[in-house]
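Trainee: Reading the sequence shown from the start, the letters are residues -19 to -1, 1 to 346 in mature numbering (1 follows the signal peptide of the UniProt record, and there is no 0).
Beta carbons: idealized from backbone N, C-alpha and C, even for Gly.
Note that the coordinates shown come from a computational prediction; the quantities given were computed from them, not determined experimentally.
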Amino acid sequence: MWLLLTVTSLISALGSTHGYFGKLHPISPEVTMNISQMIAYWGYPSEEYDVVTEDGYILGINRIPYGKKNSENIDAGYDVWLGNSRGNTWARRNLYFSPDSVEFWAFSFDEMAKYDLPATIDLILKKTGQDKLHYVGHSQGTTIGFIAFSTNPKLAERIKTFSALAPVATVKYTKTLLNKLMLVPSFLFKLIFGDKIFYPHHFFDHFLATEVCSRETVDLLCSNALFIICGFDTKNLNMSRLDVYLSHNPAGTSVQDVLHWSQAVKSGKFQAFDWGSPAQNMLHYHQPTPPYYNLTDMHVPTAVWNGGNDLLADPQDVDLLLSKLPNLIYHKKIPPYNHLDFIWAMDAPQVIYNEIVSMMGENNK
């Protein structure tokens, strides 16, 4: 959204002044590919599966059963599965509700943890014949891991290790511009954004990625828009892939999910979604207030990597998280890393991924 607001003012001039914005960089063919096509583009085999959750959501997930040189997890002999959560580009199906309905979008990260992650892990273990797996999560992927593994002991027993990248539990100290948006009252937020999808990916994002942000000088503006949201690390972003990143992101979520994060910013607590009244909370939780998530109940061996320059997973919030993890087996703080460096930084394989593979090998029972 902030990228959209930052560069929209430039669009009207593009038609007649392309030269002013600099030369157009070559456009990657990946900007129009789906996940399986991107995997194949880089020389890996890909398999697609549908995960059906207990409450009817259908999540598209991908598997890379083996690989080639220079992909750390695959080349180390691991069977790699790429999970998914309801509501994004690749998970907009439900057995009972249309994505055009309000009912489809009545979820937050609570439901992702309660339904999506357990169903995904169950399918993977059934398909592979394994008893356990290693879980790697980034950002909200860590949030749903913390919730699922602390509230579902049987699921936690099936996890060998939990690698948490840019982990998010509380967001008391977050400094991003997004927390300003999250301070908007719920009724006003819904009045502005509705009660279904929050900022879906659409054609205009693709246009920005391929026609605007792929131009010299403007690409710096686009990357800076990302840095404002996630933290600055100008030397570690591969600018030649900016069109790929922006053409597939954001992937969308529910307004309710964003409101849940808004509640977390306001309260500074790690707790379930507040349905707005004691009566509604009683219906969902059998208590008048949303329950807290107790991280001390999560005994999965957990390794944490966080960034000193991360505006979303602020180091102070991460410190609070670390103090509550009963089975922390490794922690590394990377001073220059922002929130997206964990997945996009050019040195991430050396700084993080090799360590994850090594840790998996040491805890592979």
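Are there 16 or more other CB atoms within 10 angstroms of the CB of Tyr22, so buried, or fewer, so exposed?
Mentor: With fewer than 16 Cβ atoms within 10 Å of its Cβ, Tyr22 is classed as exposed.
Trainee: According to DSSP, simplified to helix, strand and coil, what is Ile102?
Mentor: Of the three classes helix, strand and coil, the one that applies to Ile102 here is helix, per DSSP.
Trainee: Assuming Met341 and Thr101 make a contact with CB atoms under 8 Å, what is their CB distance in whole Å?
Mentor: Between Thr101 and Met341 the Cβ distance is about 18 Å, and since that is not below 8 Å, they are no contact.
Trainee: Cutting at 6 Å between CB atoms, please list the residues of its own chain near His115, excluding the five before and the five after it.
Mentor: The answer, listed in chain order, is Lys141, Thr142 and Met341.
Trainee: Straight-line CA distance for Phe174 to Ala329?
Mentor: Straight-line Cα distance between these residues: approximately 35 Å.
Trainee: With distances taken between CB atoms, is the gap from Gly64 to Ile42 smaller than 8 Å?
Mentor: Cβ atoms of Gly64 and Ile42: closer than 8 Å.
Trainee: For Thr283, which of helix, strand or coil comes out of DSSP?
Mentor: In the structure shown, Thr283 sits in a strand (DSSP, three-state: E or B).
Trainee: Could you give the C-beta distance for Arg67 and Tyr30, rounded to a whole number, given that I count them as a contact under 8 Å?
Mentor: In fact, because the Cβ distance is near 15 Å, the residues do not count as touching under 8 Å.
Trainee: Just to confirm before moving on: does the CB-CB distance between Asp300 and Ala147 stay below 8 Å?
Mentor: For Asp300 and Ala147, no; Cβs fall outside 8 Å.
Trainee: Following the continuous beta strand (DSSP E) through Val32, name the residue where it begins and the one where it ends.
Mentor: Glu28 to Val33 is the extent of the beta strand (DSSP E) around Val32.
Trainee: Counting C-beta neighbours from all protein chains within 10 Å, is the total for Phe2 16 or more, i.e. buried, or is it exposed?
Mentor: Because the pLDDT at Phe2 is just 47, under 50, the model does not fix this residue reliably, and the point stays unresolved.
Trainee: Is it the case that the stretch 165 to 173 contacts the stretch 320 to 334, given that we only count it when at least three CB pairs across the two stretches are under 8 Å?
Mentor: Contact between the stretch 320 to 334 and the stretch 165 to 173 is absent, because fewer than three Cβ pairs lie under 8 Å.
Trainee: Measure the alpha-carbon distance for Ile315 versus Ile333 and round it to whole angstroms.
Mentor: The alpha-carbon atoms of Ile315 and Ile333 are separated by roughly 9 Å.
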